[in-house]
Structures are given as C-alpha cells and as structure tokens.
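Report on the structure given below.
In my numbering, the protein residues as written are 2 to 163.
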C-alpha cells in the first residue's frame, strides 16, 4: 500500500512537472508557480534570469532598416537532439554575446578589436540580405520574462559590408 502511494505521488509530480515545461504560459504562471515544481532549462538559449538577443540593422545612403533578430527562431524538430547543424553556430554567437557583454561592462576601451566583437561582426555581416545595404550595425539587448522592458547592453558602430 505504501509503495502504491509513493508511486502515485511521484507519478503525479512528474506529470505536473512535464506539464509545467510544455504548458500554456498563463496557466504556468498562475498554477505552477505556486507549486514546488522544477523548471528545467539546463542548456537553453533562454536562461531563467534573462535572454540576450543579438539584433542587427542595415543602411545605405537612402534607407535605414528596422532592428531584426540576427538568430531567427528555429522550429524545434524531434530529431534535433541527433542532428542539428545550426547548434554550433547558435552556441558560438550566444557565447560571444555573453563574453562581449562582460568585457563591455568591465572596460569598453578597445572593444572593437576583441575576438567576441569580431565574431559577432562576422556573423552579422554574413547574414544574407535582400537589398543593397552598404553598412551594418549590431546590438545586444537583454529581455526578461519578469520585466516588461528590454535593456540595451551594447551597440556597435556601423561597419561596411563587402
């Protein structure tokens, strides 16, 4: 009898934990935040505290585009845990963004010659464009699920596209 009770309790807890991971946001906030359920995001690009997003925009003599996310949201496929060719690029951009934000907060002298800055500039410059842009600029912005407003961490100067 005790074994059945223990199995039932852990089964319900596991089911609620899985529902909290894949459930509806409003439902998650109202119900699951009051329960003692884990929120697993071990290797996620969306950490629990805040998200760091890389944006870019382009210009030439006639126009200036709106800010666009440099890493588009990719639909997760069931086979991505086995084969995901974009994983390494996304990881490199995320790591370079984190290092650049730390370096910028410590000392912004010579930030334009650091490896993370050049990695992000190379990545943003290599994004295919549909128009005749001559220059590009990128920015790092943090957003949080708890805060309504996003915060600018770093904005580069404009760089020529080749």
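We treat Cβ as the ideally placed atom computed from N, Cα and C, and that holds for glycine.
Rounded to a whole number of angstroms, what is the C-alpha to C-alpha distance between residue 17 and residue 123?
Numbered from 1 along the chain shown, position 16 holds the residue referred to as residue 17. Numbered from 1 along the chain shown, position 122 holds the residue referred to as residue 123. Cα-Cα distance, rounded: 44 angstroms.
Pick out whichever of 142, 125, 152, 149 has its Cα sitting closest to the Cα of residue 162.
Walking along the chain shown from the start, residue 162 turns up at place 161. The shortest Cα separation from residue 162 among 142, 125, 152, 149 belongs to 125.
The beta strand (DSSP E) spanning residue 55 covers which residue range?
As a working note, residue 55 is residue 54 in the chain shown. Per DSSP, residue 55 belongs to the beta strand (DSSP E) from 52-60.
Using the Cα positions of residue 156 and residue 84, report the straight-line distance between them to the nearest angstrom.
Within the chain shown, numbered from 1, the residue matching residue 156 stands at position 155. Within the chain shown, numbered from 1, the residue matching residue 84 stands at position 83. Taking the straight line joining both Cα atoms gives about 34 angstroms.
Starting from residue 126, follow the alpha helix (DSSP H) in both directions and report where the run begins and ends.
Taking the first residue of the chain shown as position 1, residue 126 is located at position 125. It spans 116-126 - the alpha helix (DSSP H) in which residue 126 sits, taken as one unbroken run.
By Cβ distance, which residues of its chain are closer than 7 angstroms to residue 106, with the 5 residues on each side in sequence left out?
Stepping through the chain shown from its first residue, residue 106 is reached at position 105. Cβ neighbours of residue 106 beyond the five flanking positions: none.
Take residue 60 and list the residues in its own chain whose beta-carbon comes closer than 6 angstroms to its own, dropping the five residues that flank it on each side.
For the purposes of this step, residue 60 is taken as residue 59 along the chain shown, with counting starting at 1. Excluding sequence neighbours, residue 60 sits near 136.
When the Cα of residue 103 is compared with those of 143, 10, 20, which residue comes out closest?
Residue 103 sits at position 102 when you count from the first residue of the chain shown. Looking at the Cα atoms, 143 is the closest of the given residues.
Keeping to the same chain, check which residues put their C-beta closer than 7 angstroms to that of residue 5; ignore five residues upstream and five downstream.
The residue labelled residue 5 in the question sits at position 4 within the chain shown. Excluding residues within five positions, none has a Cβ falling inside 7 angstroms.
What would DSSP say about residue 72, mapped onto helix, strand or coil?
On the chain shown, residue 72 is found 71 positions in, with the first residue counted as 1. Here residue 72 sits in coil by DSSP.
Hey, could you find the ends of the beta strand (DSSP E) residue 152 is sitting in?
Mapped onto the chain shown, residue 152 falls at position 151. It spans 152-156 - the beta strand (DSSP E) in which residue 152 sits, taken as one unbroken run.
Which residues share a DSSP beta bridge with residue 136?
Residue numbering aside, residue 136 sits at position 135 when the chain shown is read from its first letter. Answer is 60, 161, bridged to residue 136.
Looking at the strands, I want to know which residues DSSP matches up with residue 143.
If you number the chain shown from 1, residue 143 lands on position 142. Residue 143 is bridged to 53, 152.
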